[in-house]
Ligand SMILES: NC(=O)c1ccc[n+]([C@@H]2O[C@H](COP(=O)([O-])OP(=O)(O)OC[C@H]3O[C@@H](n4cnc5c(N)ncnc54)[C@H](O)[C@@H]3O)[C@@H](O)[C@H]2O)c1
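Protein chains in written order, with my numbering: chain A, 311 to 674; chain B, 33 to 356.
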């Protein structure tokens, strides 16, 4: 049972689906999420991927607990975005008598003492915590009262080959006009504002550059307003939520991720998998994905620097291609879904072989 | 206790009715849902920890299913049943079982050849009031019947079109025809009439808005059935039966038996759909097969309903072979 109560299971949700798909031959996997609009949309994607789904209501978590028992779940694997998520699910799993695993998808960000105490209390009910990157694991290891974490780096299935023309013709973009793609929810964390602030300087050298933002979120209105105020509507395009990521990646020349912090961003892994050059901020999760030797890393929150590195990446196509190729090699060696699934399965097996061995996972 | 794994093909209104029953049965697991309206499949799957599919082929790829519920509109029958039969799975299918008689006949013979357990959603047979009526009629057989489906027009657009629903006799009054057959026996001849009134608030509706049928049973009993969808409310749905010194009125929730001592009404108890689903599941689980309406039985009722439509179209009475 893979469950989340994250309100916006985007990257985390994809992680759960990839994990579920990779394990479905060994385990009878069910994906659980709350029954609001975002949750159901996520469950629909999980169902399309061939996985069992169950929705729960935050108003009736005991009902979900009863379902867990009735369904004979062998264990509960909770996926948390920010550290305050998932506590109720963890307790529910324990109360249902199940081993509970928990994956942290972001670094330790809890600042309020109350939240920190709640986190520590929640940990008492967890059998094992997993971090999706070294950075995540270390940020937790540095805290008092946090369990030792098992690091299992994020992995993704290799994206299918996209069609370069599809999105470009949709945007009315000439074949040689540079397309800079950012796939990220509009939240403070992703810091689109710094990227928008960098756009005018990029346009000085590359007037036909087109910045394409994919995703939605609470900050979208503010970012759109910034774009209008600076008169950048011709150069920055908002595409909203999209599910044609392979085509978007194929259409792009550079992937830009200006985040302030990350766990281990799946979108970067996707860009790497197809050899797309990346310009990104030098923060833990991102550096872990693309490597500290990556040529196009910038300090977070520095639009001037971001603009000049984008300029370099656009100006030196050779260097950009080399960086893209290196990213692809790195992806193949370190970030494939199969490896993540194997490591996770090994962890599951430990629990199933342990005291609760009567709760064998059923083959589907 | 091993659970019987059920898949659904079609997850609309009537599917929800069966789900409400099946979810309460401890020996049933709802495993998968297929609907071209994928959101409906997802909605149901996410209530039961099941899988969702956009079509029946996806669902039937799950080799662990024990049986299937087919809850699709009248026009959609055929491919789903064939695929289910090809996999040798027992199935429950909603009435009416097809639009074309030839399709239902082919499917019936394939079901028979495969020896499959089947059930059809003529749930009136499971009313406890119908049990009572059957007991009474054993001693005082009905000589004349009046059947009614006097109602509003159902909202789904497919219902409005004869080439999608088959019209009211085939889609709704078929319940009453089936009940009459269950209580009185086979039908030997039918004569139908149909009329149509245009209504601006039902654009494109081409099914008859009024229809009647006269029937003769092999027992010698005679009957008249009336259907209309012209009302804006439910007026009367039921069957009246008359014999020597007895008048009986059945609706889907009560029975009135008049033997000249007042008009006592008894309310039906229990849920006929629960009994219908329970019987199907029991049969699938290898227990006694108490299913009251198999595919072959439903075909006989369907033949009568289609004959009424046919008669109304041609103006000729239709004589049904008593042997079948
Ligand atoms: N026994 C009863 O009392 C009773 C009551 C209501 C309806 N019904 C019968 O049930 C049938 C369905 O009626 P409803 O009210 O549920 O209709 P509905 O329109 O609410 O639902 C039908 C569903 O089937 C889906 N569907 C269509 N073609 C399909 C296909 N090929 N494969 C899978 N799914 C498909 C549709 O997308 C829809 O979700 C009708 O024949 C109706 O007469 C019986």
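Where is the CB? At the ideal position from N, CA and C, for every residue including glycine.
DSSP three-state assignment for residue i, whether helix, strand or coil
| i | result |
| --- | --- |
| residue 315/A | coil |
| residue 461/A | strand |
| residue 107/B | helix |
| residue 547/A | strand |
| residue 64/B | strand |
| residue 145/B | helix |
| residue 558/A | helix |
| residue 150/B | strand |
| residue 604/A | coil |
| residue 466/A | strand |
| residue 363/A | strand |
| residue 196/B | helix |
| residue 85/B | strand |
| residue 416/B | Nothing about residue 416/B can be reported from this structure: the residues present for chain B run from 33 to 356 only. |
| residue 333/B | helix |
Pair within 7 angstroms by beta-carbon distance, residue i and residue j
| i | j | result |
| --- | --- | --- |
| residue 287/B | residue 298/B | yes |
| residue 103/B | residue 200/B | no |
| residue 184/B | residue 72/B | no |
| residue 513/A | residue 563/A | no |
| residue 315/B | residue 323/B | yes |
| residue 416/A | residue 573/A | yes |
| residue 505/A | residue 605/A | no |
| residue 257/B | residue 147/B | no |
| residue 275/B | residue 204/B | no |
| residue 115/B | residue 92/B | yes |
| residue 344/A | residue 366/A | yes |
| residue 640/A | residue 585/A | no |
| residue 429/A | residue 450/A | no |
| residue 88/B | residue 66/B | yes |
| residue 313/A | residue 388/A | yes |
| residue 497/A | residue 527/A | yes |
| residue 219/B | residue 247/B | yes |
| residue 169/B | residue 97/B | no |
| residue 752/A | residue 340/A | There is no way to answer for residue 752/A, as the model of chain A reaches only from 311 to 674. |
Opening and closing residue of the beta strand (DSSP E) in which residue i lies
| i | result |
| --- | --- |
| residue 344/A | 340–344 |
| residue 387/A | 386–390 |
| residue 271/B | 268–275 |
| residue 280/B | 278–283 |
| residue 349/A | Looking at the DSSP string, residue 349/A is not in any beta strand (DSSP E); the run it does join, the alpha helix (DSSP H), is 347–358. |
| residue 306/B | It is not in any beta strand (DSSP E) - residue 306/B instead sits in the alpha helix (DSSP H) that spans 304–316. |
| residue 189/B | From DSSP, residue 189/B is part of no beta strand (DSSP E); its letter is neither H nor E. |
| residue 586/A | From DSSP, residue 586/A is part of no beta strand (DSSP E); its letter is neither H nor E. |
| residue 244/B | 242–249 |
| residue 184/B | 176–184 |
| residue 258/B | 254–263 |
| residue 332/A | It is not in any beta strand (DSSP E) - residue 332/A instead sits in the alpha helix (DSSP H) that spans 321–333. |
| residue 567/A | 564–567 |
| residue 290/B | 286–290 |
| residue 223/B | 219–227 |
| residue 100/B | 99–102 |
| residue 436/A | Run containing residue 436/A: none; DSSP gives neither H nor E here. |
Neighbour-count burial assignment, residue i, 16 or more Cβ in a 10 Å radius
| i | result |
| --- | --- |
| residue 291/B | exposed |
| residue 466/A | buried |
| residue 352/A | buried |
| residue 69/B | exposed |
| residue 357/B | Outside the displayed range of chain B (33 to 356) lies residue 357/B, so it cannot be described from this structure. |
| residue 412/A | buried |
| residue 553/A | exposed |
| residue 473/A | exposed |
| residue 127/B | buried |
| residue 325/A | buried |
| residue 409/A | buried |
Continuous alpha helix (DSSP H) stretch holding residue i: start and end
| i | result |
| --- | --- |
| residue 123/B | No alpha helix (DSSP H) holds residue 123/B; the beta strand (DSSP E) holding it covers 123–125. |
| residue 493/A | From DSSP, residue 493/A is part of no alpha helix (DSSP H) but of the beta strand (DSSP E) over 489–493. |
| residue 446/A | 444–451 |
| residue 169/B | 160–171 |
| residue 43/B | Unbroken run through residue 43/B: none, as it is neither H nor E. |
| residue 641/A | 627–644 |
| residue 414/A | From DSSP, residue 414/A is part of no alpha helix (DSSP H) but of the beta strand (DSSP E) over 410–414. |
| residue 553/A | Premise fails: residue 553/A is in no alpha helix (DSSP H) and is neither H nor E. |
Practice task
Kindly provide the ranges of any alpha helix (DSSP H) runs that are 4 or more residues long and lie completely inside the stretch 479–530 of chain A, ordered along the chain.
Solution key: Listed in chain order, the complete alpha helix (DSSP H) runs (minimum 4 residues) inside the stretch 479–530 of chain A are 502–515.
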